[in-house]
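Here's the structure, in structure tokens; my notes come after.
Shown next as structure tokens:
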């Protein structure tokens with residue numbers, strides 16, 4: 041089975057345990073992408089953790105947080 045898996049260019053796994061298992065078998069082309077199933081993503085968004093420090097920071101104002109953003113005009117790719 042490991043011979044078959046090692047033929048892939050890259051493997052995407054859902055957790056660190058899976059990644060670690062492959063790494064310990066010298067399969068290094070692995071990325072942990074988390075759980076990408078829509079139902080799980082929706083469940084996570086419905087279970088919001090309260091962060092009092094954010095409430096203090098933003099008060100009653102809406103807050104929009106972005107990650108991995110780029111200015112289209114500055115992209116060199």
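In this note's numbering, the protein residues as written are 41 to 117.
Note that beta-carbon positions come from the ideal geometry of N, C-alpha and C, so glycine has one too.
None of these values were measured; they are calculated from a predicted model.
Which first and last residues belong to the beta strand (DSSP E) in which residue i is found?
{"i": "residue 52", "result": "51-53"}
{"i": "residue 46", "result": "Careful: residue 46 lies outside any beta strand (DSSP E) and carries neither H nor E."}
{"i": "residue 58", "result": "Run containing residue 58: none in the beta strand (DSSP E); it sits in the alpha helix (DSSP H), 56-63."}
{"i": "residue 70", "result": "70-72"}
Give a yes or no on whether 8 Å exceeds the smallest Cβ distance from residue i to chain B.
{"i": "residue 56", "result": "Among the chains in the structure shown there is no chain B, since it carries only a single protein chain."}
Alpha carbon to alpha carbon, what distance is there between residue j and residue i?
{"i": "residue 98", "j": "residue 92", "result": "10 Å"}
{"i": "residue 86", "j": "residue 79", "result": "11 Å"}
{"i": "residue 74", "j": "residue 84", "result": "12 Å"}
{"i": "residue 88", "j": "residue 100", "result": "17 Å"}
{"i": "residue 48", "j": "residue 96", "result": "48 Å"}
{"i": "residue 94", "j": "residue 82", "result": "22 Å"}
If you follow the alpha helix (DSSP H) that residue i is part of, which residue opens it and which one closes it?
{"i": "residue 86", "result": "78-86"}
{"i": "residue 93", "result": "92-98"}
Please go through the same chain and pick out, in chain order, the residues whose beta-carbon is closer than 6 Å to the beta-carbon of residue i, but skip the five residues on each side of it.
{"i": "residue 72", "result": "53, 56 and 59"}
Could you check which residue in the options has the C-alpha nearest to that of residue i?
{"i": "residue 67", "options": "105, 74 and 42", "result": "42"}
Give me, in chain order, the residues of the same chain whose beta-carbon lies closer than 8 Å to that of residue i; leave out the 5 immediate sequence neighbours on both sides.
{"i": "residue 51", "result": "45, 62, 67, 69, 70 and 71"}
{"i": "residue 104", "result": "none"}
Excluding sequence positions up to five away, which residues of its chain have a Cβ less than 7 Å from the Cβ of residue i?
{"i": "residue 64", "result": "none"}
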